[in-house]
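Here is the structure we will look at, set down as structure tokens.
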Amino acid sequence: MDFFTIIFYVFAVIAIASAAIVVFSRNIVHAAFALLFAFFAAAGLYVLLMADFLAITQLLIYVGGILVLLLFGVMLTNRVISVDIKTGTIQTLPAVLLSAALAGMLTGMFWSTDWKVTPDFIPPEATASKLGEMLLTSYVLPFEIASVVLLVALIGAAMIARREKKG
Amino acid sequence: MQDFLHWLQHPGLTHFLIVSGIMFSLGVFAVLTRRNAIMVLMGIELILNAANINFIAFSRYSAGTLDGQVIAIFVIILAAAEAAIALAIVLNIYQNFNTVNVDELSRLRD
């Protein structure tokens, strides 16, 4: 039982438990805050996988950006003061069966497949410079397209969310 | 049994994949059952996160390159754009219909 193992199980349990709270909580604010811990645990798993740059990116963008956006959405679309903040579920039984079957099949598939593993591969100490190099050489076209997508999303979100002028 | 205990004590590619598979299924469950549009969005974020863990795990253990991490960066970029657009749409729907219940929204205009 080495250090890596203990840390892995801590983060894995936090990730799955928080994801379960997100999914099963009746209170949408509780769900949003559980999502915070799920994102944190995912960032911890990235660190264990030697993806330091992605772990920081995950914290900055998911925790700092997307989660705050979601909380804004919760607070702008629910009457926080009143009891309307609880959200119901529908079609629970078929959804439980479907997701349980999906989880079972995925786990069984991951378990039984003999994955190709390259044990001698050691990722570089700091991945940021290597990732930046790859983004501007072999991935330059997707990189540029992603920047255009972000620009379009920025303008589009502002246009859609803007209150329409009367008359 | 002895094999299983040994497997449990040595986390590798399969362990990360199973964690991401469970997260993915929970996200699918949220998307399927929740009536609040923002909860559906949270389910989608869980699904994207599970996919990211998969990409990075394969990049670490299997591929021998950092390509998986680059793909994960693009997934994060798309998740950010998606969350911004989807929340703008949800806010607009709330202004027009005064609800975010996805079951009651079957029209695109007033």
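Line order of the protein sequences matches chains A and B. Going by the working numbering, the first sequence opens with residue 1, and the numbers climb by one from there. Going by the working numbering, the second sequence opens with residue 1, and the numbers climb by one from there. Beta carbons are placed, not taken as given, at the ideal position from N, Cα and C, and that holds for glycine. All of these numbers come straight from a predicted model, not from anything done at the bench.
Alpha carbon of residue i to alpha carbon of residue j, nearest angstrom
{"i": "ALA41 (chain A)", "j": "MET42 (chain B)", "result": "16 Å"}
{"i": "PHE39 (chain A)", "j": "LEU48 (chain A)", "result": "14 Å"}
{"i": "LEU136 (chain A)", "j": "LEU60 (chain A)", "result": "22 Å"}
{"i": "VAL140 (chain A)", "j": "MET75 (chain A)", "result": "39 Å"}
{"i": "SER147 (chain A)", "j": "VAL70 (chain B)", "result": "14 Å"}
{"i": "THR51 (chain B)", "j": "LEU150 (chain A)", "result": "The identity of residue 51 (chain B) in the sequence shown is Ala, whereas the question assumes Thr. Looking at the two C-alpha atoms, the distance is approximately 20 Å."}
{"i": "LEU54 (chain A)", "j": "ILE53 (chain B)", "result": "10 Å"}
{"i": "ALA57 (chain B)", "j": "ARG109 (chain B)", "result": "44 Å"}
{"i": "VAL29 (chain A)", "j": "THR92 (chain A)", "result": "21 Å"}
{"i": "ILE81 (chain A)", "j": "ASP52 (chain A)", "result": "Per-residue confidence for ILE81 (chain A) stands at a pLDDT of 48, beneath the threshold of 50, marking its modelled position as unreliable; the derived number appears in the next sentence. Distance between the alpha carbons of ILE81 (chain A) and ASP52 (chain A) is about 41 Å."}
{"i": "THR113 (chain A)", "j": "ASN98 (chain B)", "result": "49 Å"}
{"i": "PRO142 (chain A)", "j": "LYS116 (chain A)", "result": "27 Å"}
Of the residues the options, the one placed nearest residue i, counting alpha carbons only
{"i": "ARG162 (chain A)", "options": "B:SER25, B:ALA88 and B:PHE97", "result": "B:ALA88"}
{"i": "ALA100 (chain A)", "options": "B:ILE22, B:LEU13, B:ALA72 and B:GLY64", "result": "B:ILE22"}
{"i": "LEU8 (chain B)", "options": "A:ILE14, A:MET1 and A:ILE122", "result": "A:MET1"}
{"i": "GLY132 (chain A)", "options": "B:ILE73, B:PHE24, B:GLU104 and B:ALA51", "result": "B:ILE73"}
{"i": "GLU82 (chain B)", "options": "A:THR5, A:ALA126, A:GLY104 and A:LEU154", "result": "A:LEU154"}
{"i": "THR65 (chain B)", "options": "A:PHE143, A:PRO142 and A:PRO119", "result": "A:PRO119"}
{"i": "PHE110 (chain A)", "options": "B:ALA30, B:HIS10, B:PHE16 and B:ASP3", "result": "B:PHE16"}
{"i": "ASN49 (chain B)", "options": "B:ALA30, B:ILE76, B:ILE18 and B:SER59", "result": "B:ILE76"}
{"i": "PHE3 (chain A)", "options": "B:GLN2, B:PRO11 and B:MET1", "result": "B:PRO11"}
{"i": "ILE160 (chain A)", "options": "B:ILE38, B:ASN36, B:THR14 and B:ASN92", "result": "B:ASN92"}
Buried versus exposed, by CB contacts within 10 Å (16 or more), residue i
{"i": "SER20 (chain B)", "result": "buried"}
{"i": "PHE11 (chain A)", "result": "buried"}
{"i": "ALA128 (chain A)", "result": "exposed"}
{"i": "VAL83 (chain A)", "result": "Residue confidence for VAL83 (chain A) is low, a pLDDT of 48 falling below 50, so the modelled location carries little weight; the figure read from the coordinates is stated next. Under this definition VAL83 (chain A) is an exposed residue."}
{"i": "GLY68 (chain B)", "result": "buried"}
{"i": "MET105 (chain A)", "result": "exposed"}
{"i": "ALA126 (chain A)", "result": "exposed"}
{"i": "GLU45 (chain B)", "result": "buried"}
{"i": "HIS6 (chain B)", "result": "exposed"}
{"i": "ASN78 (chain A)", "result": "buried"}
{"i": "GLY108 (chain A)", "result": "exposed"}
{"i": "GLY167 (chain A)", "result": "For GLY167 (chain A), the predicted structure reports a pLDDT of 47, less than 50, and the residue's modelled location is therefore unreliable. The matter cannot be settled from this model."}
{"i": "PHE8 (chain A)", "result": "buried"}
{"i": "VAL23 (chain A)", "result": "buried"}
{"i": "GLN58 (chain A)", "result": "buried"}
DSSP beta-bridge partners of residue i
{"i": "ARG109 (chain B)", "result": "According to DSSP, which records beta bridges pairwise, ARG109 (chain B) is partnered with nothing at all."}
{"i": "ASN101 (chain B)", "result": "B:ASN36"}
CB of residue i within 7 Å of CB of residue j, strictly
{"i": "ARG34 (chain B)", "j": "VAL40 (chain B)", "result": "yes"}
{"i": "ALA32 (chain A)", "j": "LEU70 (chain A)", "result": "yes"}
{"i": "VAL90 (chain B)", "j": "VAL100 (chain B)", "result": "yes"}
{"i": "ALA158 (chain A)", "j": "ILE85 (chain B)", "result": "no"}
{"i": "ALA34 (chain A)", "j": "ILE16 (chain A)", "result": "no"}
Short CB-CB distance (under 7 Å) between residue i and chain C
{"i": "GLN2 (chain B)", "result": "The chain inventory of the structure shown lacks chain C, comprising the protein chains A and B."}
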